[in-house]
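S.K.:
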Amino acid sequence: MSERNRLFSFWKKGKADKPLKWIAVMLGGGIAIMALGDLQKEDSIKSEEPRDETAAVKVDVKSEYERELTNALNQIAGTGHVSVVVNLASSERKVLEKNTSSSTGNGDVTKEEQVAIIRNGDTENPVILEVRKPDIQGVLVVADGAENVHVKKRIMEAVTRMLGVPVHRVAVIPGKTEETE
2 MSERNRLFSF WKKGKADKPL KWIAVMLGGG IAIMALGDLQ KEDSIKSEEP RDETAAVKVD
62 VKSEYERELT NALNQIAGTG HVSVVVNLAS SERKVLEKNT SSSTGNGDVT KEEQVAIIRN
122 GDTENPVILE VRKPDIQGVL VVADGAENVH VKKRIMEAVT RMLGVPVHRV AVIPGKTEET
182 E
């Protein structure tokens, strides 16, 4: 009898081998269920990964800054049409509350931190202490009337005070006039 026939000989008819058949079937079924369970768990972990909302938030904050600046700069005496471009260096940051616990044992100090979570029905959300505005890398202002030094100075002062950015990160450029076209 070949090696393969000897290994699977218990499948042939015989009452003495019946419990062995059931054990083999159960073992095979258990392995199949575990394999399918692992595949399903990997799929659910992938679906639970956080969505990339930072890009959307960054665009919202950027457009909000640009809209507010444009509205304010249009009110400055001597300016005509104003266009503003804000370049953000980062996105908004959320500072989360953490539960800390420390223990001392055998002269060693261990400190554990976990993000504090609030359960609201079926959802769990972290406790947010504060939301920090994104860092501004630079601001470009194109304004009619900016060729006048006094108007340019007023625009520069308004932008630096509204956004809290240093003067070297703000560029004010005169817009096109009918003569320069």
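Counting along the sequence shown from 1, when you hit position 103 you're at 104 in our numbering, and nothing is skipped either side.
We treat Cβ as the ideally placed atom computed from N, Cα and C, and that holds for glycine.
Please read all numbers here as calculations on a predicted model, not as lab measurements.
Under a three-way DSSP split, which group does GLY29 fall into?
M.R.: Counted from its first residue, the sequence shown places residue 29 at position 28. Helix, per DSSP.
S.K.: Note down, in chain order, each residue of its chain lying with its Cβ closer than 8 Å to the Cβ of LYS134, except the 5 sequence neighbours on either side.
M.R.: The residue labelled residue 134 in the question sits at position 133 within the sequence shown. So the qualifying residues of the chain are VAL62 and GLU93.
S.K.: On the three-state DSSP scale, how would you describe GLY81?
M.R.: In the sequence shown, residue 81 corresponds to position 80, counting from 1. GLY81 falls in the coil class under three-state DSSP.
S.K.: Alpha carbons only, please: which of GLY38, VAL143, ARG162 and LEU97 is nearest the one belonging to ASN75?
M.R.: Numbered from its first residue, the sequence shown carries residue 75 at position 74. Minimum Cα distance to ASN75 is reached at VAL143.
S.K.: If you reduce the DSSP assignment to three classes, tell me which class ASN72 lands in.
M.R.: On the sequence shown, position 71 is the one that residue 72 refers to. Correct three-state label for ASN72: helix.
S.K.: Could you tell me if VAL128 is buried or exposed, where buried requires 16 or more neighbouring beta carbons within 10 angstroms of its beta carbon?
M.R.: Sequence index remark: in the sequence shown, residue 128 carries index 127 (1-based). Its Cβ having fewer than 16 others within 10 Å, VAL128 is exposed.
S.K.: Cα separation between LYS47 and VAL26?
M.R.: For the purposes of this step, residue 47 is taken as residue 46 along the sequence shown, with counting starting at 1. For the purposes of this step, residue 26 is taken as residue 25 along the sequence shown, with counting starting at 1. Bear in mind that the predicted position of LYS47 carries a pLDDT of just 48, short of 50, making it too unreliable to give a figure here.
S.K.: Is it buried or exposed, ARG52, if we count other Cβ atoms within 10 angstroms and call 16 or more buried?
M.R.: The residue given as residue 52 occupies position 51 in the sequence shown. Summary for ARG52: the model assigns pLDDT 49, below 50, so the residue's position carries little reliability; its value from the coordinates is reported in the next sentence. Classification of ARG52: exposed, given that the 10 Å Cβ count is below 16.
S.K.: Can you give the Cα-Cα distance for PRO20 and ILE34, rounded to whole angstroms?
M.R.: Numbered from its first residue, the sequence shown carries residue 20 at position 19. Numbered from its first residue, the sequence shown carries residue 34 at position 33. Rounded to the nearest angstrom, the two C-alpha atoms are 21 Å apart.
S.K.: Can you tell me whether DSSP reads SER48 as helix, strand or coil?
M.R.: Along the sequence shown, one-based indexing puts residue 48 at 47. Unreliable positioning characterises SER48 in this predicted model, as indicated by a pLDDT of 45, which lies under 50. The coordinate reading is nonetheless provided below. Looking at SER48 - three-state DSSP - the assignment turns out to be helix.
S.K.: Give me whichever residues DSSP pairs with LEU97 in a beta bridge.
M.R.: Taking the sequence shown and counting its residues from 1, the one referred to as residue 97 is at position 96. In the DSSP output, where bridge partners are listed per residue, LEU97 has ILE129.
S.K.: Nearest by alpha-carbon distance to ASN149: which of SER104, GLY176 and LEU37 is it?
M.R.: Locating residue 149 in the sequence shown gives position 148, where the first residue counts as 1. Residue GLY176 is the option with its Cα nearest to ASN149.
S.K.: Flag this pair as touching only if the region 71-86 and the region 148-162 have three or more C-beta atom pairs under 8 Å; answer yes or no.
M.R.: Yes, they touch.
S.K.: Quick test of your reading: VAL152 and THR80, contact by CB under 8 Å. State the CB separation rounded to the nearest angstrom.
M.R.: Within the sequence shown, numbered from 1, the residue matching residue 152 stands at position 151. Within the sequence shown, numbered from 1, the residue matching residue 80 stands at position 79. Contact holds; Cβ gap of about 6 Å.
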